[in-house]
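Some notes on the structure that comes next.
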Amino acid sequence: MSLLTWRKIVNGVMLTLTGVCTVTTVAVLFVILGLLLYNGASSLSWNFFTQLPKPPGETGAGMANAIVGSFEIVGVAALIGIPIGFIAGIYLAEYEDKKFASVVRYIADLLNGVPSIIVGILAWALVVLPFRHFSGFAGSVALSVMLIPIVTRQTEQFLREVPLALREGALALGACKWKMIATVAVPAGSKGILTGMILGVARIAGESAPLLFTALGNQFWGNMNEPTSSLPVMIYRYATGPYEEWHQQAWAAGLVLIAMVLTANILARLVISRGVSVPRG
Amino acid sequence: MASQAAVVETPGRKRTSSQTGDLIARLITLLFAISLLAIALLLVFQLWIRSGPARERLGFGFLFSSEWNPVTEQFGALPFLYGTVVTSLVAMLISVPFGLGAAIFLSELAPAKVSNGLTFVIELLAAIPSVIYGLLAIFTLVPLMREYIEPFLKHTLGEIPIVGDLFHGPAYGVGYLTAGLVLAIMTVPFVISVSRESLLAVPREQREAALALGATRWESTWQIVVPYAKLGILGSVFLGLARALGETMAVTMVIGNVPAVSASLLAPGYSIAAVIANEFAEASGKIHPAALVELGLVLFALTIVINGLARIMIVATTSKGSKR
Chain A
1 MSLLTWRKIV NGVMLTLTGV CTVTTVAVLF VILGLLLYNG ASSLSWNFFT
51 QLPKPPGETG AGMANAIVGS FEIVGVAALI GIPIGFIAGI YLAEYEDKKF
101 ASVVRYIADL LNGVPSIIVG ILAWALVVLP FRHFSGFAGS VALSVMLIPI
151 VTRQTEQFLR EVPLALREGA LALGACKWKM IATVAVPAGS KGILTGMILG
201 VARIAGESAP LLFTALGNQF WGNMNEPTSS LPVMIYRYAT GPYEEWHQQA
251 WAAGLVLIAM VLTANILARL VISRGVSVPR G
Chain B
282 MASQAAVVET PGRKRTSSQT GDLIARLITL LFAISLLAIA LLLVFQLWIR
332 SGPARERLGF GFLFSSEWNP VTEQFGALPF LYGTVVTSLV AMLISVPFGL
382 GAAIFLSELA PAKVSNGLTF VIELLAAIPS VIYGLLAIFT LVPLMREYIE
432 PFLKHTLGEI PIVGDLFHGP AYGVGYLTAG LVLAIMTVPF VISVSRESLL
482 AVPREQREAA LALGATRWES TWQIVVPYAK LGILGSVFLG LARALGETMA
532 VTMVIGNVPA VSASLLAPGY SIAAVIANEF AEASGKIHPA ALVELGLVLF
582 ALTIVINGLA RIMIVATTSK GSKR
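Residue numbers (the numbering used here), protein chains in the order written: chain A, 1 to 281; chain B, 282 to 605.
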């Protein structure tokens with residue numbers, strides 16, 4: 001066999017292999033969705049959305065409190081995290097002092113990479129320890145700490161994509177800088193910034209590790225000052241529990257959670273950010 | 282004349298008020314930017330303070346002891362460190378070749394439209410919550426590993442000397458290998474998307490020059506394009522590794538939660554994140570929570586170093602390469 005044929009064979013084989021890698025990876029997503037649909041749909045019922053968890057053996061159990069709890073915890077986390085991240089992002093994009101801004105940027109990236117369980121320890125030390133009890137609010141603090149660096153970096157990146165000419169135009173017309181930012185730069189980058197915020201919220205909505213010892217969990221209704229149930233934590237507890245009914249409930253909860261997270265992702269990426277490239281964290 | 286004077290005067294006054302407005306806006310945004318630094322410092326401070334009792338009591342022996350028994354207050358980090366590192370290495374061993382292969386396909390072969398579509402799907406994979414991976418792993422991957430894959434590995438690779446030590450013992454289904462496999466699936470999207478970015482940042486001329494010299498498509502890719510982007514690719518590997526080290530839920534659900542050090546990949550083990558997830562809420566006394574926080578501190582240091590390296594590498598390649 002000549003060297004050339006050999007090289008052509010290697011070429012063909014390796015290029016095919018790269019295709020196989022891609023197809024396999026993409027297939028994994030569909031396998032995951034398929035398994036969730038197959039196992040989750042059968043145990044999903046109206047009760048799931050309206051009833052409280054019940055002891056194993058009783059029928060008609062649901063996760064209404066966990067669904068509401070998730071929305072509460074994530075909602076409060078978003079209320080804390082989005083404004084802080086957004087304004088910090090404006091600083092990085094618009095007012096940077098070169099050195100200090102690059103420090104903040106680097107810290108934001110590092111915070112982004114801190115394992116979520118460690119963020120949970122921080123919230124435990126800051127909120128659970130001083131008040132001496134677990135609470136939904138502590139969970140929100142943990143999730144907001146995760147959200148802030150995400151929103152900061154996304155806001156910064158999308159503001160940077162706003163053309164310089166737009167800013168200069170506003171400044172030349174006599175606008176002062178903060179008015180230029182508020183009325184020109186931010187609206188121009190708003191689609192991307194909104195996308196970034198939705199993606200960030202979708203990401204923290206699926207977190208369970210930082211909630212395990214902050215929001216803990218609750219079998220009943222409760223307010224944010226008490227231990228609060230959330231969907232991801234319920235999935236973990238029910239999937240690792242010993243009862244078949246729990247497993248069925250965990251599948252149903254998994255289907256609901258993934259439906260919410262993927263809907264937010266697809267909406268944000270396809271609809272809102274049409275024509276805007278989404279940078280990856 | 283009077284009106285003219287007013288016209289002259291007004292802009293002057295406005296400018297000073299707008300300057301103070303700007304100053305205030307600048308200070309406010311600066312304050313929020315500083316809050317990020319404050320969070321980071323608070324994190325380090327709290328991890329240090331809260332692990333104090335354990336550090337004083339256990340000293341450096343903590344890192345090398347493999348005894349973990351909260352009842353007798355014996356705490357050793359070794360089984361958890363070992364489990365965290367082994368599962369992450371198994372994960373990278375699988376996800377790096379796979380991810381790099383897919384990234385090459387997406388950046389070099391696939392037409393832009395197909396590539397973007399597939400990348401979108403792969404990024405959705407990264408958006409799936411880790412507890413969902415754990416749920417799927419417990420009910421589908423674990424039985425599969427126990428019934429088919431682990432017995433198969435034992436009968437094939439397990440017979441080979443030395444390598445066989447990695448694949449002996451009973452097939453539980455849960456253990457280092459299963460956890461590593463789940464982590465591999467979870468880290469692949471990160472490896473792919475960052476590697477693809479760095480490959481796309483390689484100037485077109487590099488490829489054209491290689492092809493013009495008679496290289497095949499694969500040779501130009503493997504010998505020219507990939508080495509050119511190697512820093513970014515290495516960055517993606519480190520980014521994936523940092524993810525794998527800190528991953529909690531999926532690992533907790535499939536690693537077996539046994540604080541032991543085993544040579545066999547089929548054996549159940551434990552990881553740092555998993556033990557914190559399992560024991561922290563119920564930890565009582567002074568030393569137990571502190572020991573768990575100290576484990577967290579070790580994990581934090583590990584991921585910070587690896588993430589820091591990854592960021593530097595990724596920034597170096599994307600700023601060096603041609604801006605697309």
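Glycine included, every Cβ here is placed at the ideal spot set by N, Cα and C. This structure is a prediction, so every number in the text was calculated from the model and none was measured.
In chain order, what residues of the same chain lie with their CB nearer than 6 Å to the CB of residue i, ignoring the 5 residues before and after it?
| i | result |
| --- | --- |
| proline 53 of chain A | Ala61, Gln219 |
| proline 392 of chain B | none |
| alanine 268 of chain A | Thr195, Ile198, Leu199 |
| valine 141 of chain A | Ala123, Val127 |
| valine 288 of chain B | Residue placement at valine 288 of chain B is flagged as unreliable, the pLDDT there being 41, under the threshold of 50; the coordinate-derived value follows with that caveat. Contacts found: none. |
| glutamine 249 of chain A | Tyr238 |
| lysine 567 of chain B | Pro334 |
| leucine 494 of chain B | none |
| asparagine 225 of chain A | Ser135 |
DSSP has residue i in a bridge; who is on the other side?
| i | result |
| --- | --- |
| glycine 589 of chain B | DSSP lists no partner for glycine 589 of chain B. |
| asparagine 350 of chain B | B:Gln355 |
| glycine 550 of chain B | B:Gly537 |
Spatial neighbours of residue i within its chain, please: CB distance less than 7 Å, with the 5 preceding and 5 following residues excluded, ordered by chain position.
| i | result |
| --- | --- |
| threonine 16 of chain A | none |
| leucine 438 of chain B | Val444, Gly445, Phe448 |
| isoleucine 204 of chain A | Val74, Ala77, Leu143, Met146, Leu147 |
| serine 70 of chain A | Ala205, Ser230, Leu231 |
| glutamate 156 of chain A | Gly89, Leu92, Ala93 |
| alanine 523 of chain B | Thr584, Ile587, Asn588, Ala591 |
Going along the chain, which residues of its own chain have a beta-carbon closer than 8 Å to the beta-carbon of residue i, five neighbours each way excluded?
| i | result |
| --- | --- |
| isoleucine 67 of chain A | Phe49, Leu231, Val256 |
| alanine 496 of chain B | Gln504, Ile505 |
| lysine 8 of chain A | none |
| arginine 167 of chain A | Met180, Val184, Ala185 |
| valine 395 of chain B | none |
Give the interface partners of residue i over in chain A, defined as CB-CB distance under 8 Å, in chain order.
| i | result |
| --- | --- |
| leucine 390 of chain B | Leu15, Thr18, Gly19 |
| threonine 468 of chain B | By Cβ distance, chain A contributes nothing, its closest Cβ being about 11 Å from threonine 468 of chain B, past 8 Å. |
| alanine 523 of chain B | Gly113 |
| phenylalanine 341 of chain B | Residues of chain A passing the Cβ test: none, with the nearest at roughly 21 Å. |
Residues of chain B with a CB under 7 Å from the CB of residue i: which are they?
| i | result |
| --- | --- |
| lysine 8 of chain A | Thr497 |
| valine 145 of chain A | Ile320 |
| serine 116 of chain A | Thr529 |
| tyrosine 91 of chain A | Thr310, Leu311, Phe313, Ala314 |
| proline 149 of chain A | Leu317 |
Hey, could you find the ends of the alpha helix (DSSP H) residue i is sitting in?
| i | result |
| --- | --- |
| methionine 530 of chain B | 530-535 |
| tryptophan 46 of chain A | 46-50 |
| methionine 197 of chain A | 190-205 |
| threonine 502 of chain B | Unbroken run through threonine 502 of chain B: none, as it is neither H nor E. |
| phenylalanine 86 of chain A | 64-94 |
| isoleucine 441 of chain B | Neither: isoleucine 441 of chain B is in no alpha helix (DSSP H) and is coded neither H nor E. |
| glutamate 244 of chain A | 244-266 |
| methionine 224 of chain A | Looking at the DSSP string, methionine 224 of chain A is not in any alpha helix (DSSP H), and its letter there is neither H nor E. |
| glycine 12 of chain A | 3-41 |
Residues of chain B with a CB under 8 Å from the CB of residue i: which are they?
| i | result |
| --- | --- |
| asparagine 225 of chain A | Within 8 Å Cβ-Cβ: nothing; asparagine 225 of chain A doesn't reach chain B, min ~18 Å. |
| alanine 250 of chain A | Leu416 |
| alanine 88 of chain A | Thr310, Phe313, Ala314, Ser316, Leu317 |
| histidine 247 of chain A | Phe420 |
Starting from residue i, find everything on chain A with Cβ-Cβ shorter than 9 Å and list it in chain order.
| i | result |
| --- | --- |
| proline 351 of chain B | Simply none; closest approach about 15 Å. |
| arginine 592 of chain B | Tyr106, Asp109, Leu110, Gly113 |
| glutamate 575 of chain B | Residues of chain A passing the Cβ test: none, with the nearest at roughly 11 Å. |
Identify the contact partners of residue i in chain C, using a Cβ-Cβ distance below 7 Å as the criterion.
| i | result |
| --- | --- |
| serine 208 of chain A | Absent here is chain C; the protein component of the structure consists of chains A and B. |
Under 7 Å Cβ-Cβ, which residues of chain A neighbour residue i?
| i | result |
| --- | --- |
| arginine 331 of chain B | Ala125 |
| leucine 427 of chain B | The residue you asked about is not leucine; residue 427 of chain B is arginine in the sequence shown. Chain A residues near arginine 427 of chain B: none, gap ~17 Å exceeds 7 Å. |
| threonine 584 of chain B | Gly113, Val114, Pro115 |
Could you name the residues of chain B that residue i contacts, counting a contact when the two beta carbons are closer than 9 Å?
| i | result |
| --- | --- |
| lysine 177 of chain A | Ser299, Gly302, Asp303, Ala306, Arg307 |
| arginine 269 of chain A | Phe401, Glu404, Leu405 |
| leucine 122 of chain A | Ile320, Leu323, Leu324, Gln327, Leu328 |
Less than 8 Å separating the Cβ of residue i from some heavy atom of the ligand SAM?
| i | result |
| --- | --- |
| phenylalanine 386 of chain B | With respect to the ligand SAM, the structure shown offers nothing to examine, as it has no ligands at all. |
Which runs of the alpha helix (DSSP H) at least 4 residues long sit entirely within the stretch 401-438 of chain B? Give them in chain order.
411-417, 431-437
Which ranges does the alpha helix (DSSP H) cover as unbroken runs of at least 4 residues, wholly within the stretch 117-187 of chain A, from first to last along the chain?
Within the stretch 117-187 of chain A, the complete alpha helix (DSSP H) runs of at least 4 residues are 136-160, 164-172, 177-180.
Taking the runs of the alpha helix (DSSP H) that are 4 residues or longer, which of them lie wholly in the stretch 357-404 of chain B?
The DSSP assignment places 359-385 as complete runs of the alpha helix (DSSP H) inside the stretch 357-404 of chain B, in order along the chain (cut-off: 4 residues).
Which runs of the alpha helix (DSSP H) spanning at least 4 residues fall entirely within the stretch 448-484 of chain B, listed in chain order?
457-481
May I have a chain-ordered list of the alpha helix (DSSP H) segments no shorter than 4 residues that lie completely inside the stretch 295-348 of chain B?
333-339, 342-345
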